[in-house]
Amino acid sequence: MSIPEPIGENWAKIFPSGRIDTMENNPQKPIHKVTVNHILTHSYSVFLFGLALAILLDSFFPIRTIPKYLLAPAGVALMILGPLLILWAQRTSGKLRLKKETLTKEDFKKGPYAFTRGPTHLGLTLLVMGFGVVSNSLLIIAIGILSYFVSKRIFLKEEEELLAKNYGEEYLRYQQEVNSWF
């Protein structure tokens, strides 16, 4: 594939071989490498779109069932607990990325990962549920929980297959010992 002028010299700096790799001219080379972070980005997007949908639906069909005296304390507690769990999970997984030698099952079972294989998902769910409680919106709570299950069902399988491929038997042993849901 030749590079058209006048943009050719700019493209030549980016693609010195003079060709742009696509599936058509290089079927062996994937367009992008799928990583755990790539999968998780899509997974977390489910929560974002779920929350947006829930807020929209709640504005048309408000369902208020939570007693007013529970709204602030319960909702705020969930809205604090969720991000704390997310932060704990991210700090733990960040330390794992720095480890250069071979990872063991015990390495995977650190921090919140000792209790659930998806603590960030759980933290996001608690955060959205807390917002739903503070808003006294049964729809936000329900769609937050639904987002959790949809995200885990669709993306967890792909994420765990990639982790098993990357880390082998040690990750598979971790999977057997730690629940993926709670």
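Read in order, the letters of the sequence shown are residues 14 to 195 in our numbering.
Glycine included, each C-beta is placed from N, C-alpha and C at the ideal position.
Where the alpha helix (DSSP H) through residue i begins and ends
{"i": "Ile99", "result": "Lys81 to Leu111"}
{"i": "Lys170", "result": "Lys170 to Tyr180"}
{"i": "Thr54", "result": "Val49 to Phe73"}
{"i": "Ile156", "result": "Leu151 to Ser164"}
{"i": "Pro132", "result": "Pro132 to Val147"}
{"i": "Phe121", "result": "Lys118 to Phe121"}
Supposed contact pair residue j and residue i - C-beta distance, whole angstroms, cut 8 Å
{"i": "Met92", "j": "Val163", "result": "That belief does not hold up - the Cβ atoms of Met92 and Val163 are roughly 21 Å apart, past 8 Å."}
{"i": "Gly63", "j": "Gly131", "result": "Actually they are not in contact, since the Cβ atoms of Gly63 and Gly131 sit about 16 Å apart, beyond 8 Å."}
{"i": "Phe60", "j": "Leu137", "result": "5 Å"}
Cα-Cα separation, residue i to residue j
{"i": "Thr78", "j": "Leu84", "result": "10 Å"}
{"i": "Asn192", "j": "Arg104", "result": "20 Å"}
{"i": "Ala87", "j": "Leu140", "result": "11 Å"}
{"i": "Gly143", "j": "Phe73", "result": "20 Å"}
{"i": "Arg186", "j": "Phe128", "result": "14 Å"}
{"i": "Leu176", "j": "Leu94", "result": "27 Å"}
{"i": "Gln189", "j": "Thr133", "result": "19 Å"}
{"i": "Gly124", "j": "Val49", "result": "19 Å"}
{"i": "Gly145", "j": "Leu152", "result": "8 Å"}
{"i": "Lys81", "j": "Ile154", "result": "16 Å"}
{"i": "Ile68", "j": "Val47", "result": "32 Å"}
{"i": "Leu98", "j": "Asn149", "result": "23 Å"}
{"i": "Tyr184", "j": "Leu66", "result": "35 Å"}
{"i": "Pro96", "j": "Tyr126", "result": "15 Å"}
{"i": "Glu119", "j": "Leu70", "result": "44 Å"}
{"i": "His51", "j": "Leu100", "result": "19 Å"}
{"i": "Lys122", "j": "Lys112", "result": "14 Å"}
{"i": "Thr117", "j": "Ala102", "result": "18 Å"}
With 16 other Cβ atoms within 10 Å as the buried cut-off, status of residue i
{"i": "Thr115", "result": "exposed"}
{"i": "Glu182", "result": "exposed"}
{"i": "Glu173", "result": "buried"}
{"i": "Asn179", "result": "exposed"}
{"i": "Ala90", "result": "exposed"}
Item to complete: Inspect the CB distances between the stretch 96 to 110 and the stretch 149 to 163 and report whether three or more fall short of 8 Å.
Response: Too few Cβ pairs lie closer than 8 Å, so no.
Discussion item. Any contact between the stretch 46 to 57 and the stretch 165 to 172? By contact I mean 3 or more CB pairs, one from each, below 8 Å.
Written reply: Yes, they touch.
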